Amino acid sequence: MLPCVLRAAGRRWLGLCLLLAILCGAAAFAQSTEPISKNALLKALRSHLSTSKELAKYVEARGVDFALTQDVESELRSAGATPELIEVVRAHSKAVTRPVVPAPAVDTTPPPAPVKKATTAPPAANYAPGIYRKDGAQWVKVLDEGVKWKASGRIHKFTVGLGKSELVGTIPGSSSPNLLKNPVVFLVSVPEGAQISHYLLIQMKSKRGSREINISPTGEEGKGLVPFSSRKVGRNLFEIDFTQGEGDYGFLPPGQDAGNGEMEPAVRMYTFRILQ
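The numbering of the sequence shown is the numbering used here, which starts it at 48 and goes up by one.
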């Protein structure tokens, strides 16, 4: 009998302690001046120690520190909040803050200056007579090589283009030191008194470790000559677009005047090899 009495007394004592804790919590809830949190409001609703009207007064006096989203409103209604309390909470809730996406910065960098196509070369004074090739925005001089002419013990003479005699010569080495790829733009700086038409563009053949020049007259142009066109871009300056296929080529400049409207072939030639 005594154990039963003790158990009943223990339950009453535990209930009294729980009630006292709830009352203390309710008193603290009523006396606080800080904004009400969502969890505190839910606990107050579930304890049933304060009516919705009383809780509405607390909310009006202190406000809340949360936003009344749809999910939060559903939680409050499930805990017993009346529509009147919901409206008071809505009026005092914090607005849902969304991250502010900064506007893209305005690019104030001035546009780059238009690139001018290099259709004209600098003044002729900047270029000694010779042949240059275009490398990006610069002109690089084409290296020349010595030519050994041979034909019956004497040097043949030719006019603008080629005379009636055959022109034969050799250049040591199987390849030019100037290795290029198409397309190539050449710049010819013509000496005073000469003309661009005095230059010959020749395709060479490899023979026994050397390059052979063999030009035979055929009508107005010789066999072995490569026709080309030029455009004047300055005083004594001419540009030539080269698009021929793979092989060894060379520009033969005008030689010395031999009289009778003829010129001896030059002893140096601006050579180059076109790679695939």
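We put the CB at the ideal spot given by N, CA and C, even for glycine.
Fair warning: this is a prediction, and the values are worked out from it, not measured in the lab.
For the putative contact between E107 and V153, defined by C-beta atoms under 8 Å, what is the C-beta separation to the nearest angstrom? Position 60 of the sequence shown holds residue 107. Position 106 of the sequence shown holds residue 153. Going by Cβ atoms, the distance from E107 to V153 rounds to 47 Å, so no, they are not a contact pair.
Return the residue from the list V187, M316 and R109 that minimises the CA-CA distance to P82. Taking the first residue of the sequence shown as position 1, residue 82 is located at position 35. Nearest option by C-alpha distance: R109.
Less than 8 Å between the C-beta atoms of L284 and I249, yes or no? Here the question's residue 284 lines up with position 237 in the sequence shown. Here the question's residue 249 lines up with position 202 in the sequence shown. For L284 and I249, no; Cβs fall outside 8 Å.
Just to confirm, are I287 and V237 a CB contact at a threshold of 8 Å? To locate residue 287, count along the sequence shown from 1; it is residue 240. To locate residue 237, count along the sequence shown from 1; it is residue 190. No, the Cβ-Cβ distance between I287 and V237 is not below 8 Å.
Give the DSSP-derived three-state secondary structure of N229 in the structure shown. The sequence position of residue 229 within the sequence shown is 182, counting from 1. It is coil, neither helix nor strand.
Proximity below 8 Å, CB of R282 to CB of I218: By one-based count along the sequence shown, residue 282 stands at place 235. By one-based count along the sequence shown, residue 218 stands at place 171. No, these two residues do not count as a Cβ contact at 8 Å.
Under a three-way DSSP split, which group does R320 fall into? Locating residue 320 in the sequence shown gives position 273, counting from the first residue. In the structure shown, R320 sits in a strand (DSSP, three-state: E or B).
Span separating the alpha-carbon of G240 from that of P300: Within the sequence shown, residue 240 is the residue found at index 193, counting from 1. Within the sequence shown, residue 300 is the residue found at index 253, counting from 1. Spanning the two alpha carbons is a distance of roughly 13 Å.
Using the Cα positions of P159 and P151, report the straight-line distance between them to the nearest angstrom. As a first step, residue 159 must be located in the sequence shown, where it is residue number 112. As a first step, residue 151 must be located in the sequence shown, where it is residue number 104. Approximately 21 Å between the Cα atoms of the pair.
What are the partner residues of A288, as DSSP defines its beta bridges? Along the sequence shown, one-based indexing puts residue 288 at 241. According to the sequence provided, residue 288 is Asp. The question's Ala does not apply to it. DSSP lists V232 as partners of D288.
Suppose the cutoff is 7 Å on Cβ atoms and the five residues either side in sequence are ignored; what does the same chain contact list for V187 look like? Reading the sequence shown from its first residue, position 140 is the one you call residue 187. The residues are Y179 and R180.
Under three-state DSSP, which class holds S99? As a position in the sequence shown, residue 99 is number 52, starting the count at 1. Here S99 sits in helix by DSSP.
Coil, strand or helix - L88 by DSSP: Residue mapping note: residue 88 aligns to position 41 of the sequence shown, counting from 1. L88 falls in the helix class under three-state DSSP.
Measuring CB to CB, does I133 end up less than 8 Å from E120? As a first step, residue 133 must be located in the sequence shown, where it is residue number 86. As a first step, residue 120 must be located in the sequence shown, where it is residue number 73. For I133 and E120, yes; Cβs fall inside 8 Å.
For K228, which residues in the same chain have their Cβ closer than 6 Å to its Cβ, ignoring the five residues on either side in sequence? Here residue 228 is taken as the residue at index 181 of the sequence shown, counted from 1. Result list for K228: L322, in chain order.
Helix, strand or coil: which one does DSSP assign to Y105? Your numbering for residue 105 matches position 58 in the sequence shown. Note: Y105 maps to helix in three-state DSSP.
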